[in-house]
Amino acid sequence: MKTYLANVDIKQPIANQWGTQGYTTARLLVRSGSRPLDEIHVPLKASKPALAAKELKPWLEGYLPIRTRAYKAERVYLPSISVIVCTRDRPKSLRGCLESLSLVRHPEMEVIVVDNASETDETRKVVAQTGFRYVRENRPGLDWARNRGWCEARHPLVAYIDDDASADECWLEGLCRGFRDPEIAATTGLVLPAELETKAQHLFESYGSGMSKGMSARQFRSDEMASVEFIRSQDVGVGTNMAFRRSVLQNLGGFDTALDVGTPSGGGGDLDMLHRVLASGGNIAYEPSALVRHRHRRDMDGLVRQMRNNGRSYGVYLMKLWRNGDVSKAALLRFTLWTWGRWLVGRPVKKLFGRHRLPMNMLIAELRGALSAPGAYRQTYKNDLRIRREFDAPAMGGGTADE
Amino acid sequence: MFDVSVIVPTHNRADMVCRNIAALARQTMPASRFEVIVVADGCEDQTAARLQSLDLSFRLRVVEQTQAGASKARNAGADLAEGTLLVFLDDDMYADAGLLEAHWQTQQARPTLLVGFFSTPVEHRSEELFAASANAWWDNRFRRLGQAGHRHTFRDVCTGNMSVSRSSFLETGGFDEEIGRWAGEDYEFAIRWLKRGERIGYCPTARSYHQDQPSVDKALKRAYDEGRGHVLIARRHPECFMALPLRIALDGQPWIRIKRWVKLSRRRANTIPKLVHPAIHLAITFRFRWLYSRLFGISRSARLWAGVLDETDGLGGLREMIQDIPYEPSVQDVEEIDISQLPLDLAKRVTELQPGSLALLAGTEPIAWIQNTPGSEPIAWSHVVRKLEYWLDAHGLRELPLPEENGRGSQTEPDNQ
C-alpha cells in the first residue's frame, strides 16, 4: 500500500496531481499560502496517471472560503537565524536535507552541519559541495552535537532539523512567526511524512498521530499550565523541528549530553530540553506553518528498534525528572503508572483481544524498551562521565549525573 | 581498417568455441571487412592452440589472460579491436549467416546499442521442465522487445549478442570488471549508456542460436551471481534500484516465499536450496509442473538473497542500503500537453521537448504520464503512440508522419523478414 503525498495551495489555481500511478490513496496537505489548514485523504485509482484537478476540487470546496484569511495582515518578522543539522554517517539523507535547506527563503540565515564523529569522509564531502559550514564534534552523542551547534551559532535564534528530514520553503518564516512574541523561548513546528511507500512507514504514522501535533498554532505558557503538564513535553513538539533562543539555551546550560541518540538512552534529549524550558518559566509556541517533512524508517526492523528506543528514552526521561525534582514526585508516579503504564501494557493486551491495529512486535518492543529504562539510565550517565573524562570536557550540558 | 570486430570471451569450452568460430566463415559479410578476437579467460584446455590451428578466411586473433571474468575479457578485446563497430558474441552463440551484416546495416542507419536476437532452435529444445520454462522466458522477452513502441530499459540488454560502436563503447567506459565477476555487467553498462542520453535498439534479423543447455544448477548459480551483481549495480546507481528485481526489499521485509513468516537470514538463504534440491529434481523427473515451479521459485529467490546478503555483508548492510535509495524523483516541472489542442505538431513537440516527464491530457482529463525514469530510454514519439493508441484513434491522429529524428520508421519496429 502506498500513499501519495503532496501540498495543495488553495491560493493558487488547483493543478492536476501527476504521478499517482500505483498509489491507493492520496494524503494532501491543504494550505493557504504557508498556513496549513488540514490534511485530506483522497482515494485514488491505482491505474490512473494523475489526480485530475476537477476530481480534487470537491474535496477542497470547504476550504476555499478560508483562503483569504492567510497571514497577509501581519507585519513581517524575519530575524536572523542559525540552522543546525546534526548528522552521523548518513551522507545520502543529509544531501537531501541540505538541498531542501538551500531552497528555504529567508533573508539572513546560516546553516551549520555538525558531524558527530562520522566514520567516513562522505559527510564532509557532501557539505563541501553545498557551501554550508561544517563543524566536527568528536564526542559521540546527538546532544553533544546539538550543544556544539548552538555554541557555534552566530545568530540569536537557533533552529534544529534532523538529517533525514527536508524543510519546506517557508519553514524558517513559520518558526520566526512563533518568536514574534518576545516571551516565547522556543518554537516547535509541524512534522509530516516525506514519503509513505512502505508498510513500516504507514505504521509509524498511525502510532499516535505520527510526529504531527495538529494544524492549529498554540502557545504553551508555563504560568498557565499545571506542573503535571510539564511532564508531557512530547505534546509540545518533536526534536526534528524545533528552535530556541540562544540565550535560553545558554541559561539552561544546553542539552543534556547523556541523553538522546548515540547514547545508551536512545533518545529523549529534545523532550528533556522542552521540559526544562517550561519548568524554568519559559513559554513554547507550536507553529504548524513551520513545516518539515521527515522520512521515516523504511524497514520493519528499524521501526521495531525505534519503538524500543522510544520506550527506553521516555523511561530515562521520567527517571531524570524524578531525580531532578522539578515536578512533584506524586504527580510523576501517578503519571508513570496510570498514564504511561496503561499505554504500554494496555495496548498489547488490547492486541491480544484483536482490538489494536499495530503489530504485536512493535507494542512489545516499546514495553521492553521501557522496562530496560532503569538500567539504561544508569548506563547513560556513566557513559557520559566516561566521555567527559576521555575528552577532558568541562561540565556542560545540564542534568544531574548519577554516580 | 576493418568495419566490424567480433569479440568472443571464452572459458574452458574449447569444442564449442571452435565450432562457433568456424561457423563465422559463413557470414554474408565479406571476410576482409571483419575480424574476430577471442579472449581466452583462464583456459586450461588448449583453447588458444586449437583456435590457431583452424583454417579461416577471416582474421582471427586469440588473446589469453589469467582468469579475471568475462568483463575484463571483453574490455581487453575491445581495446585490441580495430573495427569501427564492436559485436559482442558469447562463446555459445552459433551465428546466423546474416548476423554481422544485419548489425552493420542497422547501426549505419542509426547508431545505438543494438541488441540482437538469439534463441535455441526449436528442434534442439529439450522437453525437460526447466529447459522448457527457460526457453519460454527468453521467447517472451524477445517478443516484448519486438513490439512497436517498446521503451527500452537497461534490462533489455544482453552481452550474448549485441553491437556498439567502438568509440562510444570506450567513451562510456567499457564493462565494469568488478560486476563482471558475478552477473549484471550488461545492465550496468546499459545504465551508463542511457545516462549519456543514447538509445537502445533491437534488431531481430541479427540472429544467433544459443547452444547452451539450461540446467537447474546453472540457473541457481546465476541467481546467486545476480544477487551479488545487482547489489553492486544498486550501489553504483542507486536511482535505478526500483527497476531491479531487488526492489521487493524496499518494502522493508524481504522474505523468501515459503510461508509469509519465514524471515530472511543468511543461514536460511543458504540452507533452503540445499534442502529443496532433491525435491526439484524429483519433480522434474516425474513432471510435476506445479511442484517444480514452486520449489524452483523458492530456491531461486533463496539463492538471490544469499548473493545479496553476501555482498551487503548481512541484513544490517542491506537495511542501510535500502534506507538511502531515492524513490521516484518528485514531480517537479511537469510538461502538460493537451492532445486535443495540438494535433499537427504533437510528434515534433514531443521529440523536441525531451521533457523530464510528459503529462498528456485530453481536454482536462489526464490520459497518460510518462516519466524519464532512470534506466529507461528517453521519451520518444513511438512510446507515446503506444501509450495512447486508443485515444489517438478516437481523435484521428494515428496517421501522423513520424518525424525524421527517429530514423527510418522507428528503431523499435521489427524489420519485416
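Top line first, the protein sequences correspond to chains A and B. The first sequence finishes on residue 403 if you use the working numbering, and the numbering steps up by one all the way, no holes. The second sequence finishes on residue 1417 if you use the working numbering, and the numbering steps up by one all the way, no holes. Glycine residues also receive a C-beta, built at the ideal position from the N, C-alpha and C atoms. Only a predicted model underlies this, so the values are computations on that prediction, with no experimental measurement involved.
Between residue i and residue j, is the Cβ-Cβ spacing less than 7 Å?
i: residue 1116 of chain B; j: residue 1005 of chain B; result: no
i: residue 1100 of chain B; j: residue 1034 of chain B; result: yes
i: residue 1021 of chain B; j: residue 1088 of chain B; result: no
i: residue 91 of chain A; j: residue 127 of chain A; result: no
i: residue 1322 of chain B; j: residue 1220 of chain B; result: no
i: residue 1154 of chain B; j: residue 1202 of chain B; result: no
i: residue 241 of chain A; j: residue 191 of chain A; result: yes
i: residue 167 of chain A; j: residue 104 of chain A; result: yes
i: residue 1374 of chain B; j: residue 1239 of chain B; result: yes
i: residue 1276 of chain B; j: residue 1299 of chain B; result: yes
i: residue 442 of chain A; j: residue 222 of chain A; result: Since the first residue shown for chain A is 1 and the last is 403, residue 442 of chain A is missing from the structure and cannot be characterised.
i: residue 164 of chain A; j: residue 212 of chain A; result: no
i: residue 30 of chain A; j: residue 8 of chain A; result: yes
i: residue 1213 of chain B; j: residue 1094 of chain B; result: no
i: residue 1173 of chain B; j: residue 1071 of chain B; result: no
i: residue 158 of chain A; j: residue 82 of chain A; result: yes
i: residue 236 of chain A; j: residue 284 of chain A; result: yes
i: residue 1086 of chain B; j: residue 1073 of chain B; result: no
i: residue 1160 of chain B; j: residue 1230 of chain B; result: no
Taking the beta strand (DSSP E) that residue i falls in, what are its first and last residues?
i: residue 1371 of chain B; result: 1365-1371
i: residue 1034 of chain B; result: 1034-1041
i: residue 358 of chain A; result: Counting along the chain, residue 358 of chain A falls outside any beta strand (DSSP E), and DSSP gives it neither H nor E.
i: residue 87 of chain A; result: 81-87
i: residue 58 of chain A; result: Counting along the chain, residue 58 of chain A falls outside any beta strand (DSSP E), though it belongs to the alpha helix (DSSP H) covering 53-60.
Taking the DSSP output, what are the residues bridged to residue i?
i: residue 4 of chain A; result: A:26
i: residue 1162 of chain B; result: B:1088 and B:1115
i: residue 219 of chain A; result: A:285
i: residue 1153 of chain B; result: B:1376
i: residue 1335 of chain B; result: B:1358
i: residue 294 of chain A; result: A:165 and A:193
i: residue 135 of chain A; result: A:114
i: residue 1093 of chain B; result: B:1210
i: residue 1083 of chain B; result: B:1002
i: residue 241 of chain A; result: A:161
i: residue 176 of chain A; result: According to DSSP, which records beta bridges pairwise, residue 176 of chain A is partnered with nothing at all.
i: residue 9 of chain A; result: A:31
i: residue 50 of chain A; result: A:18
Within the continuous alpha helix (DSSP H) that includes residue i, where are the two ends?
i: residue 1047 of chain B; result: 1047-1052
i: residue 1225 of chain B; result: 1216-1236
i: residue 1323 of chain B; result: 1315-1324
i: residue 127 of chain A; result: 122-130
Residue i: buried (16+ other C-beta within 10 angstroms of its C-beta) or exposed?
i: residue 1139 of chain B; result: exposed
i: residue 20 of chain A; result: buried
i: residue 1292 of chain B; result: buried
i: residue 1256 of chain B; result: Low confidence applies here, because residue 1256 of chain B scores a pLDDT of 49, under 50, leaving its location unreliable; read the following figure in that light. Label assigned to residue 1256 of chain B: buried.
i: residue 183 of chain A; result: exposed
i: residue 481 of chain A; result: Because chain A spans 1 through 403 in this model, residue 481 of chain A falls outside it and cannot be assessed.
i: residue 1103 of chain B; result: buried
i: residue 1118 of chain B; result: buried
i: residue 207 of chain A; result: buried
i: residue 1260 of chain B; result: Note that residue 1260 of chain B scores 49 on pLDDT, short of 50, meaning its location in the model is unreliable; the coordinates nonetheless yield the value given after this. Counting Cβ neighbours within 10 Å, residue 1260 of chain B comes out exposed, since fewer than 16 surround it.
Could you check the C-alpha separation between residue i and residue j for me, to the nearest Å?
i: residue 1018 of chain B; j: residue 1025 of chain B; result: 12 Å
i: residue 23 of chain A; j: residue 234 of chain A; result: 32 Å
i: residue 1364 of chain B; j: residue 357 of chain A; result: 39 Å
i: residue 1228 of chain B; j: residue 1309 of chain B; result: 8 Å
i: residue 227 of chain A; j: residue 316 of chain A; result: 19 Å
i: residue 1027 of chain B; j: residue 1096 of chain B; result: 7 Å
i: residue 265 of chain A; j: residue 318 of chain A; result: 12 Å
i: residue 1226 of chain B; j: residue 1236 of chain B; result: 15 Å
i: residue 378 of chain A; j: residue 275 of chain A; result: 21 Å
i: residue 201 of chain A; j: residue 261 of chain A; result: 20 Å
i: residue 291 of chain A; j: residue 238 of chain A; result: 12 Å
i: residue 384 of chain A; j: residue 257 of chain A; result: 7 Å
i: residue 1304 of chain B; j: residue 1278 of chain B; result: 19 Å
i: residue 1049 of chain B; j: residue 1128 of chain B; result: 36 Å
i: residue 1416 of chain B; j: residue 1195 of chain B; result: Residue confidence for residue 1416 of chain B is low, a pLDDT of 34 falling below 50, so the modelled location carries little weight and cannot support an answer.
i: residue 397 of chain A; j: residue 253 of chain A; result: With a pLDDT of 42 at residue 397 of chain A, under the threshold of 50, the predicted position of this residue should be treated as unreliable, though the coordinate-derived value follows. If you take the alpha carbons of residue 397 of chain A and residue 253 of chain A, they lie about 5 Å apart.
i: residue 10 of chain A; j: residue 33 of chain A; result: 7 Å
Is any non-hydrogen atom of the ligand SAH found closer than 6 Å to the C-beta of residue i, if you look at the structure I gave you?
i: residue 1235 of chain B; result: By its list of ligands, the structure shown contains no ligand whatsoever, and the ligand SAH lies outside what it can speak to.
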